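Student: Submitted below is the structure of interest, expressed as structure tokens.
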Amino acid sequence: MRAISQDRLGGPEVLAEVELPRPEPGVSQIQVAVHAAGLNPTDWKHRARRGFLPEPPFVLGWDVSGVVTSVGFGVTLFTPGDEVFGMLPYPHGHGAHAEYVVGPARAFARKPPALTHVEAGALPLAALTAWQALVDTAGLRSGQRVLIHAAAGGVGHLAVQIAKAVGAYVIGTASAAKHDFVRGLGADEVVDYRTTDFAAAVSGVDVVLDTLGGETAVRSLATLRPGGTLVCILGGPPNLAEQAAAAGVRHATMLVEADHAGMVAIADLVEAGKLRPAIAGTFPLAEAAKAHALGETGRTAGKLVLVVRP
8 MRAISQDRLG
18 GPEVLAEVEL
28 PRPEPGVSQI
38 QVAVHAAGLN
48 PTDWKHRARR
58 GFLPEPPFVL
68 GWDVSGVVTS
78 VGFGVTLFTP
88 GDEVFGMLPY
98 PHGHGAHAEY
108 VVGPARAFAR
118 KPPALTHVEA
128 GALPLAALTA
138 WQALVDTAGL
148 RSGQRVLIHA
158 AAGGVGHLAV
168 QIAKAVGAYV
178 IGTASAAKHD
188 FVRGLGADEV
198 VDYRTTDFAA
208 AVSGVDVVLD
218 TLGGETAVRS
228 LATLRPGGTL
238 VCILGGPPNL
248 AEQAAAAGVR
258 HATMLVEADH
268 AGMVAIADLV
278 EAGKLRPAIA
288 GTFPLAEAAK
298 AHALGETGRT
308 AGKLVLVVRP
């Protein structure tokens, strides 16, 4: 099968199309013919710095949309021919940027018919991150106020929609050029982080979703009401937990997990017309390096997707 691999760390130029053996499903696994695979910032970070992964060679990618081609012993959820989408277990289950993948059956859900494979392939990692941060970790409820950083980004633009589906009042940060896009997702307020100090402009929120890390996490503490929750997906300064405790708020650093129930919840939101990914661009599998280069600019709104089977 064709796959995008790398034998060293570095820039997009280290990515190359290679031929690899087709993986076979083991116990409780399914084999999926990949039609589309999303890209996320974690892809280019692991490409450049290895992150959680061993030394190269390796195939990146966690987002999958495709068709089940075979199932391993014990699988009852799916049969060959089913259209599915899901996230390979993060971080060690990588390998979606290939013609075939295997993964735990319960990392997947049935692809909503309303979505193309490109749209479905854009969703899993980013949507699960938003769902697990807002719903599972922060317990966001109807009537609460939430601040979502980088609201036009891959996670952010889905988090805005999920928060609105829950019934929350949503404040997003984004550059001025992306304000209309974020408002179109349902955000009630949008703050231009380049011209406005969000920590001074926003106060009394119940939840903050920080997708940026660093000092953004520290400055976000001032926007929370007492007892509010800051969820970070990139961490923050080493003493962030102590600063959160001193401010009287809860802090959690979250790493996304493969989650059948979460994928079903995401599919339900899609079917209800409450969640849709914005596609910033598509690239053939062979042009993965170009997709990485564009993603690393940080100027896209929504998700980039590799098309494996047009």
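So for the sequence shown, my numbering puts the first residue at 8; every next one is plus one. Each residue gets a CB set at the ideal place from its N, CA and C atoms; glycine is no exception. Keep in mind that this is a model prediction, so the values were computed, not measured.
Should E222 be labelled buried (16 or more other beta-carbon atoms within 10 Å of its own) or exposed?
Tutor: exposed
Student: Kindly indicate the opening and closing residues of the alpha helix (DSSP H) around M270.
Tutor: 267-278
Student: Are there 16 or more other CB atoms within 10 angstroms of the CB of N47, so buried, or fewer, so exposed?
Tutor: buried
Student: Is T83 buried or exposed, if buried means 16 or more other CB atoms sit within 10 Å of its CB?
Tutor: exposed
Student: On the criterion of 16 or more Cβ atoms from any shown chain inside 10 Å, does D340 qualify as buried, or is it exposed?
Tutor: No information on residue 340 is available, as it lies outside the stretch 8 to 317 that the chain covers here.
Student: If we count Cβ pairs, one from each stretch, closer than 8 Å, do we get three or more for the segment 251-258 versus the segment 90-110?
Tutor: no
Student: In terms of residue numbering, what span does the beta strand (DSSP E) encompassing G73 cover?
Tutor: In this chain, the beta strand (DSSP E) harbouring G73 covers 70-78.
Student: For the segment 135-145 against the segment 258-274, do three or more pairs of beta-carbon atoms, one drawn from each stretch, fall closer than 8 Å, so that the two count as touching?
Tutor: Cβ pair count under 8 Å is three or more, so yes.
Student: With distances taken from CA atoms, which of G18, S149, H124 is nearest A40?
Tutor: Residue H124 is the option with its Cα nearest to A40.
Student: By Cβ distance below 7 Å, which residues in the same chain neighbour P291 in space, the five residues on each side in sequence not counted?
Tutor: V314
Student: Out of V78, R152, V66, E196, state which residue places its alpha-carbon closest to the alpha-carbon of V34.
Tutor: V78
Student: Helix, strand or coil: how does DSSP classify R232 here?
Tutor: strand
Student: Can you tell me whether DSSP reads A137 as helix, strand or coil?
Tutor: DSSP places A137 in helix when its eight states are reduced to three.
Student: Do you know offhand how far I11's Cα is from P120's?
Tutor: Between I11 and P120, the C-alpha separation is close to 28 Å.
Student: Between which two residues does the alpha helix (DSSP H) containing P48 stretch?
Tutor: 48-56
Student: So who's on the other strand from Q13, going by DSSP bridges?
Tutor: F65
Student: The beta strand (DSSP E) that contains S163, what's its start and end?
Tutor: A small correction: the amino acid at residue 163 is Gly; Ser does not occupy that position in the sequence shown. G163 -> not in any beta strand (DSSP E); alpha helix (DSSP H) instead, spanning 161-173.
Student: Measure the alpha-carbon distance for P19 versus V212 and round it to whole angstroms.
Tutor: Annotation: P19 to V212 spans about 39 Å, alpha carbon to alpha carbon.
Student: Taking A114 as the reference, which of L122, E126, V91 has the closest Cα?
Tutor: V91
Student: If you follow the beta strand (DSSP E) that H156 is in, where does it begin and where does it stop?
Tutor: Element bounds for H156: n/a, residue is neither H nor E.
Student: Is the number of C-beta pairs between the segment 173-190 and the segment 103-112 that are closer than 8 Å three or more?
Tutor: no
Student: Sorted by chain position, which residues of the same chain lie with C-beta nearer than 8 Å to G17's C-beta, five sequence neighbours on each side aside?
Tutor: R54, A55
Student: Whose CA, out of T202, V225, L192, L231, lies closest to the CA of V209?
Tutor: L231
Student: Going by the beta-carbon positions, is the gap between A159 and K118 smaller than 8 Å?
Tutor: no
Student: Contact defined as beta carbons within less than 8 Å: I believe D199 pairs with A183. What is the distance between those atoms, to the nearest angstrom?
Tutor: 5 Å
Student: Starting from T260, follow the beta strand (DSSP E) in both directions and report where the run begins and ends.
Tutor: 257-260
Student: The alpha helix (DSSP H) with G128 in it runs from where to where?
Tutor: 124-129
Student: Should G319 be labelled buried (16 or more other beta-carbon atoms within 10 Å of its own) or exposed?
Tutor: Since the first residue of the chain shown is 8 and the last is 317, residue 319 is not available in this structure.
Student: At the level of alpha carbons, what is the spacing between G58 and P64?
Tutor: 14 Å
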